[in-house]
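A short worksheet on the structure shown next.
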Amino acid sequence: MSIADSLIAFIAVIGTLILAFFVSAWLPGIERRFQARIQQRIGPPISTPGIMAPLKFFFKEVINPNSPMPGLYNVLPIIGLIITISLLMITMPQLYVLAAFTSVIALVGLLKVEEIIYMFMGSLSQSVLSLKMPFPDIVKGAKHPGVRRSFVEELSSMRAFRLIAFGSFPIYIAIFVTVAIAKSIYISDIVSYQQIHGPILFSLAGILGAIVFFIGFMILLNEYPFAILKTKADVIEGPLLEYAAKYRAYVYISRGFLIFVLASIFSTLFLGIPPNILSWTILINIAVTLVFTMIMATVSTFSPIFTFKQFYPLVAGVSMIGILAIIASFL
Amino acid sequence: MDEDNKVTKKQVIETEVPLGTVHSAAIEPYRVRLFVEDEIVKDAEITVGVNHRGVERIMEGLPVEKANSLTEKICGICSNSHIWNSVLVAEKALGIEVPERALYIRIIMEELERLHSHMLYLAHGSEVLGHETFAMRIFYIRETVMELLRMIGGNRVQYGVPIIGGIRPRAELDLMRIQKIKDGMDFVEEKITEFAERFVSDPMVMSRITGVGILKKEDAIRLSATGPTLRATGVDIDLRRDMPEYESFEFNVITQDDGDVKANILVRVLEIPESIKIIRQAIDHLPEGKITNRSWDMEDSPVTNNYIEVPRGKLYHSYSLDDGRVRNVIIRTPSITNIGAMEYACIGYHITDAQLAIVQCDPCFTCTDRAIKIIQI
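Which chain is which? The protein sequence lines are S and Y, in order. Taking our numbering, the leading residue of the first sequence gets 6, the next gets one more, and so forth. Taking our numbering, the leading residue of the second sequence gets 56, the next gets one more, and so forth.
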């Protein structure tokens with residue numbers, strides 16, 4: 006690769022990242038607006054959730070979280086953002102030269118780290134919401150005095166652990182469908198396969214895989230009805246409860262960016278269209294992102310929050326569809 | 056553990072998850088300690104007292120008319136119920152005859168309040184379920200009832216309609232108002248039927264609320280549950296059937312057998328058409344005549360009490376009259392008697408269902424914060 010090619014590749018990567026940031030900043034607003042219209046209300050201005058809110062938080066005073074390791078707790082959203090950026094980068098065609106780093110294994114590994122971060126966040130946060138009240142809890146003849154107190158974030162940390170164990174099955178199975186069809190773990194091979202044979206999405210295995218991928222997408226984003234990490238009825242914001250000021254801004258930015266990244270992974274693996282600012286097909290990436298956002302908003306608007314009683318069977322059922330897709334891919 | 060997975064003996068609990076007094080699922084300040092093992096609630100403790108205002112103490116020594124209007128401030132949801140019951144105590148103590156037209160308008164107000172209270176319950180329950188869309192839809196329907204209450208009483212809360220001997224002149228119903236109430240009831244009936252059909256046919260919602268927070272009939276009686284919470288367990292009790300004010304009205308007492316969240320929701324949903332039925336009867340047979348009886352004299356009276364059926368169950372008011380001023384005030388709201396049921400209902404279920412099991416009893420903790428007894432001042 007010549008220096009000129011390297012320079013163009015570099016510009017393409019940076020350009021794609023900037024475009025991704027620009028588009029992802031609008032996604033939370035689009036999602037909220039879409040939900041609001043379904044609920045027959047006006048909703049927030051489209052720029053508020055993804056742009057104005059993070060911007061506002063950057064100018065707020067940083068409040069130290071109630072955490073045994075506040076430094077580490079605060080840095081976790083930044084790590085999450087870096088991982089999300091890495092996820093997008095490994096799907097970019099300019100970086101396919103990195104071979105193993107641009108394989109499905111790397112993709113799955115980074116997604117796992119993204120999930121683990123929630124577990125760390127939960128175990129490092131101890132908000133005031135779960136403090137004991139000595140008078141009514143101990144002195145006044147309360148039930149079970151002296152019981153170990155659990156913070157609500159600890160509860161969500163345990164849930165994050167369970168999600169790592171089984172909740173992310175659907176998305177990994179869906180990714181594996183494309184591997185089974187293209188018979189390669191390299192993203193470049195999966196893209197090349199689709200350029201020759203057409204998009205995987207337009208096959209039976211691809212359709213089933215896409216459904217499974219979408220469910221996995223919603224689980225990874227902790228969106229209703231899969232928001233067990235952030236259930237309003239018990240753990241509230243869960244692991245994110247103690248983030249304030251710029252660190253909360255990072256959380257917001259990360260989430261918007263993750264929507265774009267996961268939709269781009271879908272475009273890459275199921276349509277054979279990797280995110281590349283040098284090609285007009287980047288518009289398809291953006292269109293897929295918008296479609297994903299709107300479908301997600303619709304599903305979440307019409308769903309209650311699931312508990313594990315609903316979650317386990319649903320994940321098992323969706324995973325079974327994923328396995329059927331893999332079987333179909335061998336036929 | 057017994058066959059229902061409830062704690063029957065004292066046992067060592069591993070972990071406590073305290074929720075409140077400020078919590079996103081609680082619309083009022085209260086505190087619940089959930090004792091959990093692997094996210095399953097093994098025991099629960101609800102503490103109230105954060106919002107105590109001592110209304111009874113403030114009422115002591117006030118002229119009875121002022122004291123009555125103060126009772127309205129006890130609750131923002133069932134304010135009419137409080138002032139109505141307080142006025143009924145005075146009327147009972149002084150033997151005051153109330154014009155029939157005023158009685159009918161009081162019934163209309165009470166049933167409109169029941170409608171908005173039950174719809175608030177449905178909306179809050181939907182929010183705790185995580186189903187904001189249902190909550191928004193029900194608030195949209197409730198708005199009609201709130202506007203009718205504003206039209207009659209002048210406020211969306213604390214309408215101040217009943218006074219001793221009748222109702223305020225402002226609450227008189229003319230033909231235009233009667234027509235608006237009729238139209239409003241048609242709208243609410245149509246929309247609530249659509250909502251109920253959507254609600255019960257949603258498999259995801261049904262899977263969240265069926266078999267959750269079960270309260271058996273005998274447990275509900277033992278724990279002194281009241282109102283729709285008790286009726287959801289199959290106990291056929293509605294004080295309205297025994298209240299002389301409701302003698303001229305035909306309505307069905309709604310009961311369900313399961314005692315779970317679904318049964319509680321269904322009881323309230325099905326009570327909405329019954330309330331509409333009562334309002335229509337009151338409008339159709341609204342007697343002509345005056346709305347206030349002013350020919351009564353203030354006398355001293357011993358402690359007099361009265362029970363009425365309000366949206367959440369039985370409401371108790373009692374006080375004595377001494378030189379036109381109230382003494383020995385005791386008020387008991389339905390939520391205080393439902394607290395035992397709330398604690399019991401969340402045991403044995405997932406921690407996410409605990410708030411749902413509490414909310415199914417339709418708690419109103421701000422009005423509950425008054426469990427005091429003033430013996431003599």
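We put the CB at the ideal spot given by N, CA and C, even for glycine. No experiment lies behind these values; they were computed from the predicted model shown.
Roughly how many angstroms lie between the CA atoms of residue i and residue j, to the nearest whole one?
i, j, result
"S/A9", "S/I56", "35 Å"
"Y/E302", "Y/A337", "12 Å"
"S/V359", "S/I186", "Because chain S here runs from 6 to 336, residue 359 of chain S falls outside it and cannot be looked at."
"Y/G36", "S/V240", "Shown here, chain Y extends from 56 to 432; a query on residue 36 of chain Y therefore has no answer."
"Y/I402", "Y/D98", "6 Å"
"S/I332", "S/L209", "10 Å"
"Y/S79", "Y/Y362", "33 Å"
"S/V304", "Y/L170", "30 Å"
"S/P111", "S/A105", "Correcting the residue identity first, residue 111 of chain S is Ala in this sequence and not Pro. Rounded to the nearest angstrom, the two C-alpha atoms are 7 Å apart."
"Y/A396", "S/F207", "55 Å"
"S/F271", "S/L283", "19 Å"
"S/K16", "S/I289", "Per the sequence presented here, residue 16 of chain S reads as Ile, with Lys not at that position. Going by the C-alpha atoms only, they are around 20 Å apart."
"Y/E433", "Y/A145", "A query on residue 433 of chain Y cannot be resolved here, the shown segment of chain Y reaching from 56 to 432 and no further."
"S/L276", "S/P204", "4 Å"
"Y/V384", "Y/D355", "15 Å"
"Y/D297", "Y/I264", "32 Å"
"Y/I432", "Y/T284", "Unreliable placement is indicated for Y/I432, whose pLDDT of 47 sits below 50; no coordinate value is reported for it."
"Y/D57", "Y/I269", "Residue placement at Y/D57 cannot be trusted, given a pLDDT of 49 that sits under 50; what the coordinates show is reported in the next sentence. Looking at the two C-alpha atoms, the distance is approximately 14 Å."
"Y/S390", "S/P82", "43 Å"
"Y/V255", "S/K237", "23 Å"
"S/F125", "S/M97", "29 Å"
"S/S7", "S/I13", "10 Å"
"S/V4", "Y/G266", "Outside the shown range of chain S (6 to 336) lies residue 4 of chain S, about which nothing can therefore be said."
"Y/Y113", "Y/R192", "Residue identity differs from the one stated: residue 113 of chain Y is Ile in this sequence, not Tyr. Using only the alpha carbons, I get a separation of about 39 Å."
"S/I84", "S/G127", "15 Å"
"S/R42", "Y/K332", "34 Å"
"S/S72", "S/Q131", "5 Å"
"Y/A251", "Y/R161", "28 Å"
"S/A321", "S/G327", "10 Å"
"S/I287", "Y/E398", "55 Å"
"Y/D408", "S/I233", "12 Å"
Whose C-alpha, out of the options, is nearest the C-alpha of residue i?
i, options, result
"S/F5", "S/F26, S/A25, S/F27, S/P54", "Here chain S comprises residues numbered 6 to 336, so residue 5 of chain S is not present and cannot be evaluated."
"Y/I309", "Y/P299, Y/E300, Y/P328, Y/T421", "Y/P328"
"Y/L228", "Y/N210, Y/K121, Y/M164, Y/E300", "Y/M164"
"Y/K121", "Y/G215, Y/G221, Y/P342", "Y/G215"
"S/K338", "Y/A251, Y/M397, Y/E71, Y/L167", "Outside the displayed range of chain S (6 to 336) lies residue 338 of chain S, so it cannot be described from this structure."
"S/L226", "S/V157, S/Y123, S/I205, S/L336", "S/Y123"
"Y/V358", "Y/D352, Y/E343, Y/P366, Y/I386", "Y/I386"
"Y/V199", "Y/Q213, Y/I247, Y/E182, Y/R223", "The amino acid at residue 199 of chain Y is misidentified as Val; the sequence shows Thr. Comparing Cα-Cα distances from Y/T199 to each of Y/Q213, Y/I247, Y/E182, Y/R223, the minimum goes to Y/I247."
"S/F27", "S/A330, S/M299, S/T294", "S/T294"
"S/T89", "S/P73, S/L60, S/E119", "S/E119"
"Y/T388", "Y/M114, Y/R88, Y/L117, Y/T126", "Y/T126"
"S/V256", "S/E242, S/G327, S/V109", "S/E242"
"S/Q45", "Y/E94, Y/Y195, Y/M259", "Y/Y195"
"Y/V91", "Y/K128, Y/H405, Y/G221, Y/T421", "Y/H405"
"S/Y101", "S/I51, S/E159, S/P279", "S/P279"
By DSSP's criteria, residue i is part of a beta bridge. Which residues make up the other side?
i, result
"Y/F90", "Y/E71, Y/D98"
"Y/I218", "Y/G221"
"Y/P118", "Y/R380"
"Y/L370", "Y/I363"
"Y/H405", "Y/I95"
"Y/I385", "Y/S373"
May I ask whether a heavy atom of the ligand GDP can be found less than 8 Å away from the beta carbon of residue i?
i, result
"Y/A275", "In terms of ligand content, the structure shown is empty, and the ligand GDP therefore cannot be addressed."
Q. Would you call the stretch 142-159 of chain Y and the stretch 347-367 of chain Y touching, i.e. three or more CB-CB distances under 8 Å?
A. yes
(Q) To be precise: take each residue of the stretch 230-241 of chain S, compare its Cβ to all Cβ atoms of chain Y, and keep it if any distance is under 8 Å. Which residues remain? (A) Hits within the stretch, in order: P230, A232, I233, T236, K237, A238, D239, I241.
Q) Between the stretch 148-158 of chain S and the stretch 104-116 of chain S, do three or more beta carbon pairs fall short of 8 Å? A) The stretch 148-158 of chain S makes no contact with the stretch 104-116 of chain S; the number of CB pairs closer than 8 Å stays below 3.
Q) In chain order, what residues of the stretch 178-210 of chain Y put their CB closer than 7 Å to some CB of chain S? A) Listed in sequence order: V183, L184, G185, H186, E187, T188, M191, Y195.
Q. How do the stretch 247-267 of chain S and the stretch 69-79 of chain S stand: do at least 3 beta-carbon pairs fall below 8 Å, yes or no?
A. yes
Q.
Could you check whether the stretch 157-176 of chain S touches the stretch 186-204 of chain S, counting it as contact only if at least three pairs of C-beta atoms, one from each stretch, sit closer than 8 Å?
A. The count of Cβ pairs closer than 8 Å, one atom from the stretch 157-176 of chain S and one from the stretch 186-204 of chain S, stays below three, leaving the stretches out of contact.
(Q) With three or more beta-carbon pairs closer than 8 Å as the criterion, would you say the stretch 263-282 of chain S touches the stretch 66-76 of chain S? (A) no
Q: Pull out every residue of the stretch 105-117 of chain S whose Cβ sits closer than 7 Å to any Cβ of chain Y, in chain order.
A: none
Q) Touch check for the stretch 308-323 of chain S and the stretch 166-184 of chain S: three-plus C-beta pairs under 8 Å? A) yes
**Q.** Cβ contact (3+ pairs, closer than 8 Å) linking the stretch 305-323 of chain Y and the stretch 408-418 of chain Y
**A.** yes
Q: Taking a Cβ distance cut-off of 8 Å, strictly less, list which residues of the stretch 77-96 of chain Y are near chain S, in chain order.
A: V77, H78, S79, A80, R86, R88, F90, V91, E94
(Q) Under 7 Å, CB to CB, which of the residues in the stretch 298-314 of chain S have a partner in chain Y? (A) Flagged, chain order: T306, F307, S308, P309, I310, T312, F313, K314.
Q) What residues from the stretch 40-55 of chain S come within 7 Å of chain Y, judged by C-beta to C-beta, listed N to C? A) I43, Q44, Q45, R46
Q) Of all the residues that make up the stretch 268-287 of chain Y, which are near chain S by a beta-carbon distance shorter than 7 Å? A) none
(Q) Give me the subset of the stretch 65-82 of chain S whose CB atoms are less than 9 Å from a CB atom of chain Y, sorted by chain position. (A) none
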